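J.: Okay, here's the structure, questions in a sec.
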Amino acid sequence: MENSGAKKTCCESVKDFFTSAKFLIYMGHALSTWGDRMWNFAVAVFLVELYGNSLLLTAVYGLVVAGSVLLLGAIIGDWVDRNPRLKVAQTSLLVQNSCVIVCGILLMVVFQFKEQLVELYNGWILTTCYILVITVANIANLASTATSITIQRDWVVVVAGQDSSKLADMNATVRIIDQLTNILAPMLVGQIMSFGSHFIGCGFISGWNLFSMCLEYTLLWKVYQKTPALAVKAGQKEQQQELKQLSSPKELENGQSPEESSQPLMNENSIVVDKPDSPKQQGLCHQVTEPLRTLKGGWVSYYNQNIFFAGMSLAFLYMTVLGFDCITTGYAYTQGLNGSVLSLLMGASAISGICGTVAFTWVRRKCGLIRTGFISGITQLSCLMLCVVSVFAPGSPFDLSVSPFKDLYTHLMGETTLPEADHILNGVLTVGNSTTDAPAAELPPLQSYMSVSLLFAGVIAARVGLWSFDLTVTQLIQENVIESERGVINGVQNSMNYLLDLLHFIMVILAPNPEAFGLLVIISVSFVAMGHIMYFGFAFKNLGNRLFLCCSPEQKEEMVESPSLPTTV
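The numbering used here applies: residue 1425 is where the sequence shown begins, and numbers increase by one.
Here it is in structure tokens:
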């Protein structure tokens, strides 16, 4: 009977986990990110294929997406703050998936009737279709940004309650899901397009988003029912209680109030929530300029945050070519690595990122949240030193005697022609509708693979510190921004990330030749170093000399999980 009772208890525990709000959030996030990763991968391929194997539409799409988030991030976050949680989550979910479905249908029509569309009105109908696809896809990305803010930055905090360890575990699990879907989803849709066609790929993505939208909608509703706290956005009294519980014991012993440890954000420069408009404010001029005031208020509020330098340090990490995007993989192709090797390296990068998320939870328990960021920064920067060494290692094409602007100048002057290959995407040579690894015989001979090997060894190893640092800053924002401004602050943070990401693309446009890639590597490592220097200043200001002290098991209960932050930055 005892064994039967124990077995029943075990089954009940498993059942409780799979029906818990935490697991349902994981399921919803997995479905959402799977669809996002498939679409983000496929839309770039579709646009390249549609425009005669040119990267023009892809570049325009990337610029529109980055510029939209940069300009509208604060406004989206403010909308998240102003409206009930369930309404925000459901609206952003419906808009995002509906836009992707519409884009998929439009692309299917274009692929099927492209020849006829080219002849109609001198191709203006086809151009209109391109504009519609980019516009609707951009709306889908903005809705995805709203979903990310409300679920990952708000709902997760509420579901975790006041348990910082539970919040850290949930953040780490969400990042692991991101890493896995980032590899597996593009592989799936890529195989569908390779063995089928782009038309079938569009139909599959549209069908997936329709199915996913219905299931995610149900999961959101169940999470909302299981977590009553989601139904109420805390007022000032509840916010004070939340900040009090997140403050350190030492801070409370010193008599410092939660209001002093986390600067009030709802000041004259901040966005006023739920305040009735006066008759004067209801004029047309006021309504027209309201988005501008919201944008300004969001950025001012972000600047006044106690975790401002921590957020800025994370944004600076986006100013880098040392990631597995089309830039680094394209450079690797020029150095003799084929698509098969690059796919293995991307898999190793994902595994390294997962190790970083797991390490984050362990180090945070041992050393505290702020120290975890400091340790992660040192780890990432140390690994990136291998990338700097690779610039001067045998086999490196780095040559300061070659002008970094040579390729840009010659292209503008019309002195060069496009290569015979239609285009290169993520290190894979694509000709027409077929995708194959580039033949090794066509690649320039290399003296050594030492340089490119050191480069990718540093990039892959640095992912451990990168993802751990990202989780640290994410949790700092979650724990130290009052509930009424979580949306707008995270919206501005996304804008800062996109701004630095845009700068890194501009940097590549100005110096696109392989001989200048070493210079881009050095600049990238410099920006990463500046970011971690800013975080070090933030950490030292809050912990002082305690930053360099390791916590013993006896001190674990007293260590600073949510630090005593200064009143001003």
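The beta carbon of each residue, even a glycine, is placed where N, CA and C say it ideally should be.
Note that the structure is predicted; figures quoted are calculated from it, not measured.
Determine the contact status of L1944 and M1931, defining contact as a CB-CB distance below 8 Å.
T.: Yes, these two residues count as a Cβ contact at 8 Å.
J.: Compute the Euclidean distance between the alpha carbons of L1591 and G1585, then round it to the nearest angstrom.
T.: If I take the Cα positions, the gap works out to 8 Å.
J.: Along the chain, where does the alpha helix (DSSP H) that runs through I1731 open and close?
T.: First-last for I1731: undefined, no H or E at that position.
J.: I'd like the span of the alpha helix (DSSP H) that includes Y1959, first residue to last.
T.: From DSSP, the alpha helix (DSSP H) with Y1959 extends over 1941-1967.
J.: At a cut of 8 Å, does the stretch 1586-1606 reach the stretch 1545-1561 through at least three beta carbon pairs?
T.: Judged by Cβ distances under 8 Å, the stretch 1586-1606 makes no contact with the stretch 1545-1561, as fewer than three pairs qualify.
J.: Look at V1952 and C1779 and say whether their C-beta atoms are less than 8 Å apart.
T.: Contact: no.
J.: For G1915, does the count of other Cβ atoms within 10 angstroms reach 16, so buried, or fall short, so exposed?
T.: Buried, since its Cβ has 16 or more Cβ neighbours within 10 Å.
J.: In whole angstroms, give me the CA-to-CA distance for M1743 and V1493.
T.: So the alpha carbons of these two residues sit roughly 16 Å apart.
J.: CB-CB under 6 Å to L1879, same chain, minus the five flanking residues each way: which ones, in chain order?
T.: C1811, S1814.
J.: State the CB to CB distance for the pair T1796 and S1892, rounded to an integer number of angstroms; the pair is presumed to be in contact (CB under 8 Å).
T.: Indeed they touch by this definition, with Cβ atoms about 7 Å apart.
J.: Please state whether DSSP places V1656 in a helix, a strand or coil.
T.: Of the three classes helix, strand and coil, the one that applies to V1656 here is coil, per DSSP.
J.: Straight-line CA distance for C1807 to F1929?
T.: Rounded to whole angstroms, C1807 to F1929 spans 23 Å at the Cα level.
J.: Taking 8 Å as the threshold (C-beta atoms), are T1898 and N1565 in contact?
T.: No, Cβ-Cβ distance for N1565 and T1898 is not below 8 Å.
J.: For a test of the three-state rule: what should DSSP assign to D1502, helix, strand or coil?
T.: Reduced to three states, the DSSP call for D1502 is helix.
J.: Can you tell which of F1628, A1885, Y1475 has the C-alpha that lies nearest to the C-alpha of V1526?
T.: Minimum Cα distance to V1526 is reached at F1628.
J.: In angstroms, rounded to a whole number, what distance separates the CA positions of Q1759 and A1886?
T.: Roughly 21 Å between the two C-alpha positions.
J.: Suppose the cutoff is 8 Å on Cβ atoms and the five residues either side in sequence are ignored; what does the same chain contact list for Q1536 look like?
T.: Counting only Cβ-Cβ distances below 8 Å, and skipping sequence neighbours, we find F1623.
J.: Decide if the stretch 1634-1651 is in contact with the stretch 1482-1502; the criterion is three or more beta carbon pairs, one per stretch, under 8 Å apart.
T.: The stretch 1634-1651, when compared against the stretch 1482-1502, does not touch it at the 8 Å Cβ threshold.
J.: How big is the Cα-Cα spacing for L1480 and T1551?
T.: Spanning the two alpha carbons is a distance of roughly 13 Å.
J.: Between the Cα of V1598 and those of R1577, Q1615, A1567, S1618, spot the shortest distance and give me the residue it belongs to.
T.: The option with the nearest alpha carbon to V1598 is R1577.
J.: Could you pull out every residue in the same chain whose Cβ sits closer than 7 Å to the Cβ of W1463, ignoring the five residues on either side in sequence?
T.: For W1463, where only same-chain residues beyond five positions count, the Cβ hits under 7 Å are V1524, I1629.
J.: Assuming T1752 contacts L1746 under a Cβ cut-off of 8 Å, what Cβ separation, rounded to an integer in Å, is found between them?
T.: Indeed they touch by this definition, with Cβ atoms about 7 Å apart.
J.: Cutting at 7 Å between CB atoms, please list the residues of its own chain near T1718, excluding the five before and the five after it.
T.: Correct list, in chain order: A1498, I1499, D1502, I1695.
J.: Please report the straight-line C-alpha distance between K1367 and V1647, rounded to a whole angstrom.
T.: What the structure shows of the chain is the stretch from 1425 to 1993, and residue 1367 is not part of that stretch, so it cannot be assessed.
J.: Measure the CB-CB distance between M1637 and L1716 and report whether it falls below 8 Å.
T.: Contact: no.
J.: What are the boundary residues of the alpha helix (DSSP H) that M1874 is part of?
T.: Here the alpha helix (DSSP H) through M1874 covers 1874-1904.
J.: In chain order, what residues of the same chain have a beta carbon less than 6 Å from the beta carbon of A1653, not counting five sequence neighbours either side?
T.: Around A1653: V1582.
J.: For the alpha helix (DSSP H) holding M1594, just list the boundary residues, first then last.
T.: Counting along the chain, the alpha helix (DSSP H) containing M1594 begins and ends at 1588-1619.
J.: Using 8 Å for Cβ pairs, my map puts D1823 next to E1939. What's the rounded Cβ distance?
T.: Correct: roughly 4 Å between the Cβ atoms.
J.: Hey, would you say V1876 sits closer than 8 Å to G1819, going by beta carbons?
T.: Yes, the Cβ-Cβ distance between V1876 and G1819 is below 8 Å.
J.: DSSP three-state call for Q1759: helix, strand or coil?
T.: Looking at Q1759 - three-state DSSP - the assignment turns out to be coil, as it is neither helix nor strand.
J.: Which stretch, first to last residue, makes up the alpha helix (DSSP H) that contains V1534?
T.: Unbroken alpha helix (DSSP H) run through V1534: 1509-1543.
J.: For S1522 and M1770, I'd like the C-alpha separation in whole angstroms.
T.: Approximately 31 Å between the Cα atoms of the pair.
J.: Whole alpha helix (DSSP H) runs in the stretch 1785-1818 with 4 or more residues, listed along the chain?
T.: 1793-1816, all fully within the stretch 1785-1818.
J.: Quick check: what's the CA-CA separation for W1458 versus L1612?
T.: Looking at the two C-alpha atoms, the distance is approximately 10 Å.
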